[in-house]
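Numbering (our numbering), first residue to last: 295 to 414.
Spelled out as structure tokens, the structure:
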């Protein structure tokens, strides 16, 4: 019973069988070969530089399989067609986080999954 919530958990803690708490920011390999980077809401840029930046500078680093963020990266509207977002009431130029943008640049994800604005 963890009445304190996720903030009290250590990175990598198994919450229930088969479900692990990744943490706020970092890169982990799961299932022996699947590499996932993650960046939670409100993570300082310095933490992204430390946790993801260091890993991304290792010799042989080719990027991660997936990047999980709670916010879209700042500047996403410059890279992809986002006109369809307006149908959902989302203004692309008004969303996005700088830490998430840095995480995406550093870890070079194959897939990026963001979980806010009800747009996935």
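Note that CB positions come from ideal geometry on N, CA and C, so glycine has one too.
The structure displayed is predicted, hence computed values, not measured ones.
Straight-line Cα distance separating residue 376 from residue 304: Residue mapping note: residue 304 aligns to position 10 of the chain shown, counting from 1. Residue mapping note: residue 376 aligns to position 82 of the chain shown, counting from 1. Approximately 37 angstroms, taken between the alpha carbons.
Anticipated Cβ contact below 8 angstroms, residue 410 with residue 364, distance rounded: One-based indexing of the chain shown puts residue 410 at position 116. One-based indexing of the chain shown puts residue 364 at position 70. About 6 angstroms separates the two Cβ atoms, so the contact holds.
Among 348, 391 and 314, nearest to residue 367 - alpha-carbon criterion: Looking up residue 367 in the chain shown gives position 73. Cα-wise, what sits closest to residue 367 is 391.
Option nearest residue 404 by Cα separation, candidates 359, 347 and 316: Here residue 404 is taken as the residue at index 110 of the chain shown, counted from 1. Selected option, being the one with the closest Cα: 359.
Spatially closest choice to residue 322 from 341, 335 and 306, by CA coordinates: Your numbering for residue 322 matches position 28 in the chain shown. Per the Cα distances, 306.
Pairwise C-alpha distance: residue 344 and residue 336: Indexing the chain shown from 1 puts residue 336 at position 42. Indexing the chain shown from 1 puts residue 344 at position 50. Cα-Cα distance, rounded: 15 angstroms.
Cβ-heavy atom distance, residue 303 to the ligand NAP, below 7 angstroms: In the structure shown, the ligand NAP is absent, as is every other ligand, since no ligand is present at all.
Alpha carbon of residue 295 to alpha carbon of residue 309, nearest angstrom: Working through the chain shown from its first residue, we reach residue 295 at position 1. Working through the chain shown from its first residue, we reach residue 309 at position 15. Confidence at residue 295 is low in this model, with a pLDDT of 42, below 50, so its placement is unreliable and the value that follows should be read with caution. Cα-Cα distance, rounded: 10 angstroms.
Proximal residues to residue 350 (C-beta, below 7 angstroms), its chain only, five neighbours per side dropped: Here residue 350 corresponds to residue number 56 of the chain shown, with the count starting at 1. Cβ neighbours of residue 350 beyond the five flanking positions: 400 and 401.
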